[in-house]
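Structure record follows, encoded as structure tokens.
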Amino acid sequence: MKAWQKLDSRSVFRNPVLELHQERVRTPRGDETDWTVVEIGDGVCVVPLRPDGGVHMIRQYRHAVGEWVLEFPAGRVEPGEDPEAAGRRELAEEAGLEADAWQGLGAFWPLDGVCRHRIHLFLARGLTPTAPGHETFEAIEPRDFGPEALRDALEVGDIRCGIALAALARVFLVHSEGAS
19 MKAWQKLDSR SVFRNPVLEL HQERVRTPRG DETDWTVVEI GDGVCVVPLR
69 PDGGVHMIRQ YRHAVGEWVL EFPAGRVEPG EDPEAAGRRE LAEEAGLEAD
119 AWQGLGAFWP LDGVCRHRIH LFLARGLTPT APGHETFEAI EPRDFGPEAL
169 RDALEVGDIR CGIALAALAR VFLVHSEGAS
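Right, dumping it as structure tokens:
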């Protein structure tokens with residue numbers, strides 16, 4: 019199957035977080051339509067794994083949904099920054115943790131229908147505390163989950179962040195395959 023052909027693209031809005039593009043496209047069947055694309059750039063998500071199989075999460079207020087949400091440390095990969103370096107920075111800033119061992123778990127598109135925003139996923143082990151450094155607009159509380167508490171939180175729907183759910187799925191898949 020052929021890809022859509024981009025005929026035109028123009029920026030209609032831009033701020034420090036995102037850019038909105040209006041694109042004119044032609045589908046493989048020859049139909050032309052306008053498509054709006056949100057450009058956010060690359061991000062990173064870190065799953066801090068405890069030795070007992072539990073995880074460190076954060077509870078963060080998210081204005082877009084008007085709720086406190088359970089997430090993993092995550093954030094933007096700055097231009098020119100290596101995704102693992104961004105993960106190390108976000109783990110320290112948001113969770114107050116450093117990790118000795120890092121494992122890349124690939125990347126994924128959390129909103130691929132409308133958004134160019136790729137998330138690089140990492141598993142962090144060998145955790146030690148460090149001073150957190152939240153950004154001024156962030157409201158963050160650390161949360162620890164043992165394996166059973168994590169399973170319970172998933173079962174009752176306490177974890178609703180799509181990126182966190184995708185991260186947990188990947189981590190559970192890696193562990194079920196016997197990877198270390």
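Count along the sequence shown from 1, then add 18; that gives the number in the working numbering. In this text, a Cβ means the ideal position worked out from N, Cα and C, and glycines have one as well.
### Task
Taking all protein chains shown into account, decide if ASP100 is buried (16 or more other Cβ within 10 angstroms of its Cβ) or exposed.
The residue you call residue 100 lines up with position 82 of the sequence shown. Per the 10 Å Cβ criterion, exposed.
### Message
For MET19, count the other beta carbons within 10 Å of its own beta carbon; 16 or more makes it buried, fewer makes it exposed. Which is it?
### Response
The residue labelled residue 19 in the question sits at position 1 within the sequence shown. Per the 10 Å Cβ criterion, exposed.
### Query
Pick from ALA187, PRO66, ILE158, GLN40: whose alpha carbon is nearest that of ARG106?
Within the sequence shown, residue 106 is the residue found at index 88, counting from 1. The residue with the shortest Cα to Cα distance from ARG106 is PRO66.
### Message
Starting from GLU112, trace the alpha helix (DSSP H) in both directions and tell me its first and last residue.
### Response
Residue numbering aside, residue 112 sits at position 94 when the sequence shown is read from its first letter. Unbroken run through GLU112: none, as it is neither H nor E.
#### Entry: Own chain, CB closer than 8 Å to VAL95, minus 5 neighbours either side, in chain order
Counting from 1 along the sequence shown, the entry for residue 95 is found at position 77. Residues of the same chain with a CB within less than 8 Å of the CB of VAL95, apart from the 5 flanking positions on each side, are GLY59, ASP60, GLY61, VAL62, PRO101, ALA104, HIS138 in chain order.
#### Entry: Burial state of PRO168, where buried means 16 or more other Cβ atoms lie within 10 Å
What you label residue 168 is simply residue 150 of the sequence shown in a count that begins at 1. The amino acid at residue 168 is misidentified as Pro; the sequence shows Leu. It is buried - the Cβ of LEU168 has at least 16 other Cβ atoms within 10 Å.
### Reduced DSSP secondary structure (H/G/I, E/B, other) of PRO147
Taking the first residue of the sequence shown as 1, we reach residue 147 at position 129. Here PRO147 sits in strand by DSSP.
### Message
Please state the DSSP three-state secondary structure of PHE190.
### Response
Here the question's residue 190 lines up with position 172 in the sequence shown. Three-state result, PHE190: helix.
### Message
If contacts are defined as beta-carbon pairs under 8 Å, then ALA157 and PHE163 qualify, I think. What distance do you get, rounded to the angstrom?
### Response
Here the question's residue 157 lines up with position 139 in the sequence shown. Here the question's residue 163 lines up with position 145 in the sequence shown. Their Cβ separation, rounded to whole angstroms, is 20 Å, which puts ALA157 and PHE163 out of contact at 8 Å.
### Message
Buried or exposed, going by whether 16 or more other CB atoms sit within 10 Å of the CB of PRO91?
### Response
Working through the sequence shown from its first residue, we reach residue 91 at position 73. Under this definition PRO91 is a buried residue.
### Query
Within this structure, are the beta carbons of ILE213 and ALA113 separated by less than 8 Å?
In the structure displayed, the chain extends from 19 to 198; residue 213 sits before or after that span and is not available.
### For GLY80: DSSP bridge partner residues
Within the sequence shown, residue 80 is the residue found at index 62, counting from 1. Gly is not the amino acid found at residue 80; the sequence shown has Arg there. In DSSP, ARG80 forms a bridge with GLU85.
### Message
If the criterion is Cβ atoms closer than 8 Å, does the pair LEU145 and LEU115 meet it?
### Response
Position 127 of the sequence shown holds residue 145. Position 97 of the sequence shown holds residue 115. Taking 8 Å as the cut-off, the beta carbon of LEU145 is found closer than this to the beta carbon of LEU115.
### Message
What does the Cβ neighbour count give for LEU183, buried or exposed, with the cut at 16 atoms within 10 Å?
### Response
Working through the sequence shown from its first residue, we reach residue 183 at position 165. So LEU183 ends up on the exposed side.
### Task
Tell me whether ALA104 sits in a helix, a strand or coil according to DSSP, three-state version.
In the sequence shown, counting from the first residue as 1, residue 104 sits at position 86. Looking at ALA104 - three-state DSSP - the assignment turns out to be helix.
### Query
Is CYS179 helix, strand or coil when you go by DSSP?
Residue numbering aside, residue 179 sits at position 161 when the sequence shown is read from its first letter. Of the three classes helix, strand and coil, the one that applies to CYS179 here is coil, per DSSP.
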